[in-house]
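**Q** Take the position in the sequence shown, starting the count at 1, then add 3; the result is the number in the working numbering.
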Amino acid sequence: MRKPRMVSRRPAPLPSSLGEAFTPAHAEAEGVTRGRLRASDLERPFRGVRTVATAAPEAIGDEPLAQDRAIRAAVLRRARASALVIPDHAFFAGRTGGVAYGLPLDHVGAHGDELCVAVHAPHRALRRTGIRGIKVAPSLASVRTVDGLRVASPASVWAMLGIELDARQLTIVGDAIVRVPRDRAGVPRPHAQLATIAHLRAAAEAPGRRGRDALITALASVRVGSASPLETDFRIDAAAAGLPEPELDVEIRDERGRLLGISELVYPQQRTVVEIEGDHHRTDRRQWNRDIEKYAGYVAAGWEVVRLTSTHVRGTRRAVGMVRTVLVRRGWTPRAP
4 MRKPRMVSRR PAPLPSSLGE AFTPAHAEAE GVTRGRLRAS DLERPFRGVR TVATAAPEAI
64 GDEPLAQDRA IRAAVLRRAR ASALVIPDHA FFAGRTGGVA YGLPLDHVGA HGDELCVAVH
124 APHRALRRTG IRGIKVAPSL ASVRTVDGLR VASPASVWAM LGIELDARQL TIVGDAIVRV
184 PRDRAGVPRP HAQLATIAHL RAAAEAPGRR GRDALITALA SVRVGSASPL ETDFRIDAAA
244 AGLPEPELDV EIRDERGRLL GISELVYPQQ RTVVEIEGDH HRTDRRQWNR DIEKYAGYVA
304 AGWEVVRLTS THVRGTRRAV GMVRTVLVRR GWTPRAP
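(1) Cutting at 6 Å between CB atoms, please list the residues of its own chain near G97, excluding the five before and the five after it.
(2) What is the DSSP secondary structure of D252, reduced to helix, strand or coil?
(3) By DSSP's criteria, P14 is part of a beta bridge. Which residues make up the other side?
(4) From L218 to V35, what does the alpha carbon distance come to, in whole angstroms?
(5) What's the gap between the Cα of R53 and the Cα of G136?
(6) With DSSP collapsed to three states, give me the class of L152.
(7) Could you pull out every residue in the same chain whose Cβ sits closer than 7 Å to the Cβ of V225, ignoring the five residues on either side in sequence?
(8) Can you tell me where the beta strand (DSSP E) holding T54 begins and where it ends?
(9) Note down the Cα distance separating E258 from A304, rounded to an integer number of angstroms.
(10) Rounded to whole angstroms, what's the CA-CA distance from H284 to I295? Just pull it up for me.
(11) Please list the terminal residues of the continuous beta strand (DSSP E) segment that includes A121.
(12) Using alpha carbons as the reference points, say which of I166, W335, H29 and V326 lies closest to E276.
(13) Going by Cα to Cα distance, which pick from E208, G100, V190 and E167 is closest to S156?
(14) Can you tell which of V309, G334 and V331 has its C-alpha closest to the C-alpha of A322?
(15) Can you tell me where the alpha helix (DSSP H) with R238 in it begins and where it stops?
(16) Please list, in chain order, all residues of the same chain as R171 whose beta carbon is under 7 Å from its beta carbon, the five residues on each side excluded.
(17) Using CA coordinates, which residue listed in A77, P247, L251 and L152 is at the minimum distance from P90?
(18) Mind reading off the beta-carbon distance from P249 to V269? Whole number of angstroms is fine, and I expect it under 8 Å.
(19) Give me the residue from P210, L330, S159 and R320 with the minimum Cα distance to V306.
(20) Keeping to the same chain, check which residues put their C-beta closer than 7 Å to that of E33; ignore five residues upstream and five downstream.
(21) Taking I134 as part of the alpha helix (DSSP H), name the residues at either end of that continuous run.
(22) Using the three-state DSSP reduction, which class does G101 fall into: helix, strand or coil?
(23) In this structure, does DSSP put P184 in helix, strand or coil?
(24) What is the residue span of the alpha helix (DSSP H) that R39 lies within?
(25) Could you have a look at A339 and say whether DSSP puts it in helix, strand or coil?
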């Protein structure tokens with residue numbers, strides 16, 4: 004006689020009032036049973052916290068940007084979960100703080116899955132599984148609230164990374180912090196700038212700052228206007244090779260003053276524009292059509308466009324040579340060695 008096949012039941016829906024992270028006490032107050040809190044669709048990222056299980060980053064797909072977004076979203080979910088049990092005076096710092104601001108950080112999951120949580124002295128650094136607790140002097144980290152989370156200020160986060168990142172990486176992060184974003188219509192939004200170069204310098208030069216040498220070295224290369232890590236990488240390599248410094252985030256107009264486009268790397272004396280294109284330039288049809296029209300307008304107005312990809316900048320390293328050739332052809336004279 005066959006045994007009846009067991010049919011697994013789906014866990015009962017949770018009250019919407021709980022959100023994606025909650026404590027068992029809160030759940031029980033909302034009528035959730037202890038048995039339901041042990042169901043497989045819930046995770047325990049920290050003692051005393053439950054979260055609704057989500058797809059692992061590797062299940063998102065192979066596309067790099069999608070992977071990065073998934074990892075960052077996972078870090079923020081863990082940060083929100085930990086906020087339920089860490090002290091009110093604690094705040095997120097280091098790489099975790101960088102994720103909160105959307106800063107370009109390779110290996111955002113450094114130190115494993117640990118969150119970087121700081122406290123001001125004389126409070127004691129936190130000791131809890133899943134958290135890397137640090138203690139800092141109040142003068143070395145100011146705090147603000149970001150989407151409900153207490154986070155070290157952007158300049159403080161950047162300066163605290165001076166002991167983890169090299170000068171190039173710090174320049175990339177610094178560029179992202181001081182950038183003045185534009186809206187969809189191309190209008191600058193100075194109020195959305197995370198910090199100024201002066202803020203970064205003050206944070207780097209604060210007495211007792213660790214990693215100061217790397218921070219000061221990076222500051223010499225930080226510029227307002229760089230829109231991506233690839234552009235910063237190219238600019239650093241171009242400067243090292245002796246190319247003139249480009250203007251950044253430039254509005255290109257024709258003789259009548261009509262806006263033709265906005266480009267991040269421009270050599271006005273040689274009337275040369277450098278465009279570093281990510282995958283979205285290739286896969287987004289609307290972006291592709293806009294690029295075609297923009298470049299046609301540039302050429303008609305007497306500009307030459309050098310189009311580069313990540314392979315040119317970081318792979319074959321041909322980007323600087325390609326730009327140098329155009330600049331020389333258009334009148335630039337390299338300095339003698």
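Virtual Cβ for every residue (Gly too), placed ideally from N, Cα, C.
**A** A quick look at the data gives this:
(1) C119 and M163
(2) Residue state for D252 is assigned as strand, using DSSP reduced to three classes.
(3) Beta-bridge pairing links P14 to no other residue.
(4) 50 Å
(5) 21 Å
(6) strand
(7) T174, G177, D178, V181, I200 and L203
(8) R53 to V55
(9) Within the model, the alpha-carbon separation for E258 versus A304 is close to 8 Å.
(10) Only weak support is given to the placement of H284: the predicted model assigns it a pLDDT of 46, under 50, and the value that follows is read from those uncertain coordinates. Rounded to whole angstroms, H284 to I295 spans 10 Å at the Cα level.
(11) L118 to H123
(12) Here residue 276 is Val; the residue named in the question, Glu, does not match the sequence. Looking at the Cα atoms, V326 is the closest of the given residues.
(13) G100
(14) V309
(15) Start and end: P232 to A243.
(16) I239
(17) L152
(18) 6 Å
(19) For the sequence presented, residue 306 should be read as Trp rather than Val. Measuring from the Cα of W306, the nearest candidate turns out to be L330.
(20) If you ignore the 5 residues before and after E33, its C-beta comes within less than 7 Å of the C-beta of P18, S20 and L21, all in its own chain and listed in chain order.
(21) Here I134 belongs to no alpha helix (DSSP H); instead the beta strand (DSSP E) covers I134 to V139.
(22) helix
(23) coil
(24) R37 to L40
(25) coil
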